[in-house]
Amino acid sequence: MASDRRIGVLARHLGVEMDFESHTATAISASPTSGFQGNSVFSHVVRAPEDPILGVTVAYNKDPSPVKLNLGVGAYRTDEGKPLVLNVVRKAEQQLVNDRSRVKEYLPITGLADFNKLSAKLIFGADSPAIQENRVTTVQCLSGTGSLRVGAEFLARHYHQRTIYIPQPTWGNHPKVFTLAGLSVKTYRYYDPATRGLNFQGLLEDLGSAPSGAIVLLHACAHNPTGVDPTPQQWENIRQLIRSKGLLPFFDSAYQGFASGSLDSDAQPVRMFVADGGELLVAQSYAKNMGLYGERVGALSIVCRNADVAGRVESQLKLVIRPMYSNPPIHGASIVAVILKDRNLYNEWTIELKAMADRIISMRRQLFDALRARGTPGDWSHIIKQIGMFTFTGLNSEQVAFMTKEYHIYMTSDGRISMAGLSSKTVPHLADAIHAAVTRAA
Amino acid sequence: METGIIIVAACLLLSLAMGIMFQSPPLLAALLISFALGSVYSIELPFLRWKKHAFLAASCILIARAMVVQLAFFVHIQKFVLGKPIVICRSLVFATAFMCFFSAVIALFKDIPDVDGDRDFGIQSFSLSLGQEKGKVRLGSGNLTAWFHKEKSNPFINTKSSGRISMAVAVNVSRFEGITMAPPDPILGVSEAFKADNDEKKLNLGVGAYRTEELQPYVLNVVKKAENLMLERGEYKEYLPIEGLAAFNKVTAELLLGADNTVIKQQRLRLIERYFPGAKVLISSPTWGNHKNIFNDARVPWSEYRYYDPKTVGLDFEGMIADLKAAPEGSFILLHGCAHNPTGIDPTPEQWEKIADVIQEKNHIPFFDVAYQGFASGSLDAMQHQVKSQLKRLARPMYSNPPVHGARIVANVVGDPTLFDEWKAEMDMMAGRIKGVRQKLFDSLSAKDKSGKDWSFILKQIGMFSFTGLNKAQSENMTNKWHVYMTKDGRISLAGLNLAKCEYLADAIVDSYHNAKGLNSV
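Quick note, the sequences are listed as chains A and B, same order. All residue numbers for the first sequence refer to UniProt numbering, where the first residue is 1 and numbers rise by one. All residue numbers for the second sequence refer to UniProt numbering, where the first residue is 1 and numbers rise by one.
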């Protein structure tokens with residue numbers, strides 16, 4: 001039974017034992033003793049492990065060392081190592097606060113209408129035929145995670161093929177999002193450790209052998225965590241394969257404009273799939289490219305064959321969202337709408353965005369040069385070939401642990417570093433750490 | 001793909017060469033016609049690619065295999081190979097007729113194996129139109145079906161060969177085609193209907209959002225002050241921890257339980273946002289419309305306890321206690337902290353005590369829904385790390401971490417003594433306006449309704465909402481005749497009412513109650 005499967009998944013996820021016969025979670029069966037006697041009905045609840053990515057920041061905060069470096073979370077830092085709120089964002093917020101007619105009423109379930117339209121234009125292009133033909137439905141969601149989750153729940157309920165293929169490796173939260181939504185998760189080969197690049201043959205084979213209609217998760221640009229993106233020609237081959245097998249593409253677009261510095265270039269893979277007239281889903285996030293991390297701003301767009309289907313799909317999306325959180329938060333989406341609507345603010349945004357992307361590219365260059373200067377063994381050219389916020393260094397978990405212990409470098413154990421967390425001052429320290437890890441540790 | 005092109009081109013040239021070399025017009029004609037038919041069948045150009053259309057595709061197949069092959073080859077062999085005269089013989093007629101029938105069947109059966117693929121590529125085959133199963137049943141016996149499935153591997157019957165080389169995707173059938181239109185949300189749908197109404201007398205008593213006496217939305221002054229403060233400080237917008245803003249969590253707990261509460265002092269309090277799957281929950285009848293959806297989507301089994309008594313338009317206290325006692329030990333009981341939604345009927349303090357007794361006696365766990373948010377408090381002990389960590393594990397794959405802006409506003413307001421006092425004053429003002437409206441509505445109803453019905457429940461109920469006791473038909477009359485928008489369960493939001501419209505509303509209620517079709521109070 002589908003509900004049993006979901007309960008079972010949820011229970012396993014929480015580390016709770018399930019007794020399917022009686023449909024009670026034995027780990028939290030009602031304790032005969034009440035709270036007054038000091039025993040808890042939750043006493044059998046198992047403590048869940050810390051989230052690996054956010055846990056890095058927790059560990060970093062606890063470290064008293066003055067040379068500590070946080071290369072864990074993908075949040076942008078300036079060259080002074082500080083968080084950044086974009087000027088356009090401050091301007092937009094000021095505008096909102098000054099506007100005496102602004103209210104805090106509930107948004108519709110699908111979110112702020114302007115925001116939705118503008119977000120669709122941003123990712124698909126203002127002249128996109130799909131938009132002009134009203135074939136796109138866009139709903140405001142809680143950043144990228146929320147968009148993925150709502151899209152996945154929708155597919156789990158309404159799509160005939162409940163399997164999703166995700167790249168190996170991918171963002172740590174992806175498998176959990178899809179599993180808890182009710183999809184079954186499989187992987188396709190993506191990263192080639194030997195070349196530290198794309199395993200294109202493996203990708204084609206694995207997607208080629210996927211059952212017809214299966215969902216495929218694609219990173220629109222700046223693959224997380226590897227930074228390895230297909231070339232435009234490879235994207236075209238992937239598109240042909242996906243279309244010929246009738247697979248359903250689900251794009252995760254968290255870095256539009258952040259990867260190359262150009263919003264349009266970074267959107268090309270998505271637009272390619274729209275241009276052939278086919279259907280797809282896109283989860284958009286404004287966390288990185290507008291620096292709105294904590295405001296949780298994002299959008300889910302579903303491109304359908306025709307306007308009638310799009311209308312029905314939107315009505316079903318509302319049924320997913322309403323029992324989850326009723327309607328989305330207003331603040332972040334308002335900021336985005338103000339910026340995207342205003343020509344001047346939009347242009348200023350593109351400039352600030354390019355500056356962030358350029359700084360990251362410059363950090364890549366500096367780290368690469370620093371490693372070469374130290375004569376660190378190995379080919380480190382992947383640092384400048386990879387794109388986006390992250391670099392898959394190729395270091396293993398022992399080397400990472402060594403770097404954390406001896407050099408106070410905080411990063412995820414898969415060897416991923418966030419280039420955004422580096423600065424010109426800290427590059428030498430990191431280079432030293434990598435050099436030491438590679439030459440000493442296993 | 002290049003290999004495919006080379007093979008096709010080579011075969012074409014060879015066959016045409018043979019046709020010319022053998023000096024047989026019928027043979028050459030047959031080859032040329034077949035080439036032509038194959039081209040219009042497969043090539044992706046306007047007016048071509050006839051395989052997309054069931055009838056045209058069938059025609060190609062029929063003409064090629066039933067007529068051209070039979071007739072032209074007969075003439076070629078008969079006249080140019082054997083040198084005999086052309087005579088219409090029975091075998092020719094039989095072969096042609098049989099092949100006509102055979103081709104028709106192929107045309108209908110060939111696309112059964114890959115209906116999905118054809119749908120994706122916009123190829124409107126007969127099988128697609130009829131549906132895979134129907135196609136089989138209508139036309140063939142089991143034997144015939146099995147035979148044609150084997151045909152799939154026959155190289156001479158390859159419907160998918162050259163077709164897939166072209167990458168154009170015809171815009172035809174969506175993979176979401178089967179999705180039905182969902183019904184509009186009953187509560188939020190009311191506001192949408194209200195917006196569409198052009199009548200100047202219209203009144204929106206649907207959603208529980210506070211309105212001023214001018215019936216305008218209201219942003220609290222303390223909220224504006226807090227936002228200005230935050231902007232001046234230039235706060236960052238970094239990710240919050242999964243459990244949210246610490247300052248916000250702290251002030252919220254203090255607000256609920258009071259800062260002196262020993263539980264908070266010992267830092268044993270935590271916020272529970274979700275149920276664990278498998279546990280059963282009891283909800284009041286009625287309750288907020290979205291509660292059932294929430295529990296359904298979370299796969300939490302639920303049942304109802306009696307709450308609203310339509311006869312008294314008050315609390316069915318005996319029924320509630322009986323149902324709580326009858327529930328299995330250790331059930332979760334969903335309680336509205338105050339201002340029950342949708343009825344506005346709250347237990348008295350003495351009744352709350354008895355409810356608490358029953359809950360303790362049955363070892364139930366109370367889950368409070370306070371002010372339409374999802375907070376609950378529980379006096380739990382040292383299990384806080386385990387519970388919190390599990391909550392985080394649910395939050396991360398849903399939205400990663402919560403939005404910062406609203407939480408900061410709350411933390412700033414509730415955490416600052418001056419702003420906190422200002423907030424209390426504004427809340428007094430808002431609650432006072434609603435009380436004033438209740439009084440005026442009651443006075444208007446009592447004056448206009450000569451039937452002697454007791455309308456005092458309007459004064460006894462509390463909060464934003466009032467359960468008028470109107471049934472579905474009467475509520476619809478309110479909307480259709482009087483342009484008063486409310487939910488069909490008879491709930492009105494007093495926050496959307498002002499003193500100026502009380503008399504009008506009273507007229508509408510009296511009229512609907514006495515004159516509208518339907519059962520009087522269920």
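In this text, a Cβ means the ideal position worked out from N, Cα and C, and glycines have one as well.
For residue i versus residue j, is the C-beta spacing smaller than 9 Å?
i	j	result
K280 of chain B	K325 of chain B	no
L315 of chain B	P347 of chain B	yes
Y502 of chain B	D421 of chain B	Looking at the sequence provided, one finds Cys at residue 502 of chain B rather than Tyr. Contact flag unset, no.
L217 of chain A	H158 of chain A	no
T252 of chain B	V437 of chain B	no
residue 447 of chain A	A156 of chain A	Any property of residue 447 of chain A remains undetermined from this structure, which presents chain A solely from 1 to 442.
G261 of chain A	A357 of chain A	yes
R175 of chain B	G388 of chain A	no
G234 of chain B	V85 of chain A	yes
F467 of chain B	D489 of chain B	yes
L367 of chain A	V438 of chain A	no
Y407 of chain A	L96 of chain A	no
G189 of chain B	S493 of chain B	no
Using only alpha-carbon positions, find the residue among the options that is nearest to residue i.
i	options	result
C221 of chain A	A:D266, A:P249, A:R239	A:D266
P328 of chain A	A:T404, A:H382, A:R305, A:A113	A:A113
A152 of chain A	A:N344, A:I383, A:M389, A:I321	A:I321
Q216 of chain B	B:K225, B:V222, B:A226, B:L205	B:L205
S301 of chain A	A:A287, A:S143, A:S381	A:S143
E304 of chain B	B:M320, B:A298, B:P310, B:N290	B:M320
A194 of chain A	A:Y407, A:G378, A:R416	A:G378
residue 443 of chain A	A:R135, A:Y407, A:R359	What is shown of chain A runs 1 to 442, which leaves residue 443 of chain A out entirely.
K385 of chain A	A:Q268, A:R196, A:V282	A:R196
G239 of chain A	A:M272, A:A259, A:S209	Here the sequence assigns Arg to residue 239 of chain A, which means Gly is not the residue at that position. When each option's Cα is compared against that of R239 of chain A, the closest is A:M272.
L445 of chain B	B:A395, B:L459, B:C338, B:R433	B:L459
N98 of chain A	B:E227, B:G344, B:P301	B:E227
T137 of chain A	A:L317, A:L340, A:G146	A:L317
P183 of chain B	A:I360, A:P269, A:I383, A:E314	A:E314
P241 of chain B	B:L391, B:I61, B:N498, B:Q360	B:L391
I want to see whether chain B comes within less than 9 Å of residue i, judged by CB atoms only; does it?
i	result
N306 of chain A	yes
D51 of chain A	yes
N173 of chain A	yes
E205 of chain A	no
T412 of chain A	no
residue 478 of chain A	Limits of chain A in this structure are 1 at one end and 442 at the other, which puts residue 478 of chain A out of reach.
T145 of chain A	yes
A436 of chain A	no
A420 of chain A	no
L319 of chain A	yes
N327 of chain A	yes
Using beta carbons (cut-off 9 Å, strictly below), is residue i in contact with chain A?
i	result
D197 of chain B	no
H514 of chain B	no
V404 of chain B	yes
V223 of chain B	yes
V207 of chain B	yes
M398 of chain B	yes
S174 of chain B	yes
**Message:** I'd like to know if the stretch 50-57 of chain A and the stretch 409-418 of chain A are in contact, where contact means that at least 3 CB-CB pairs between them fall below 8 Å.
**Reply:** yes
Should the stretch 329-341 of chain A be regarded as contacting the stretch 105-124 of chain A, the criterion being three or more beta carbon pairs within less than 8 Å? yes
Kindly confirm or deny that the stretch 70-79 of chain A and the stretch 417-433 of chain A touch, where touching means at least three C-beta pairs closer than 8 Å. yes
Examine the Cβ distances between the stretch 293-306 of chain A and the stretch 282-290 of chain B and report whether three or more of them are shorter than 8 Å. no
Whether or not the stretch 125-139 of chain A and the stretch 373-384 of chain A are in contact is what I'm after, with contact meaning three or more pairs of Cβ atoms, one per stretch, closer than 8 Å; do they touch?
no
Exercise for the section: Could you tell me whether the stretch 153-167 of chain A touches the stretch 181-194 of chain A, using the rule of 3 or more Cβ pairs below 8 Å? Expected result: yes
Taking 8 Å as the threshold, find out whether the stretch 233-250 of chain A comes into contact with the stretch 343-356 of chain A through three or more Cβ pairs. no
Check your understanding: Counting pairs of Cβ atoms below 8 Å between the stretch 391-406 of chain A and the stretch 289-296 of chain A, do you hit three or more?
Key -> no
* Contiguous alpha helix (DSSP H) assignments of at least 4 residues, all confined to the stretch 255-323 of chain A -> The qualifying runs are 263-275.
| message | Measuring CB atoms only, is the stretch 89-101 of chain B touching the stretch 62-76 of chain B, in the sense that at least three cross pairs come out at less than 8 Å? | response | yes
Does the stretch 214-233 of chain B come within contact of the stretch 395-413 of chain B, defined as at least 3 CB pairs closer than 8 Å? As far as the Cβ criterion goes, the stretch 214-233 of chain B touches the stretch 395-413 of chain B, which means the pair count is three or higher.
Where are the alpha helix (DSSP H) runs, 4 residues long or more, that stay fully inside the stretch 438-462 of chain B, in chain order? Counting whole runs of 4 or more residues, the stretch 438-462 of chain B contains the alpha helix (DSSP H) stretches 457-460.
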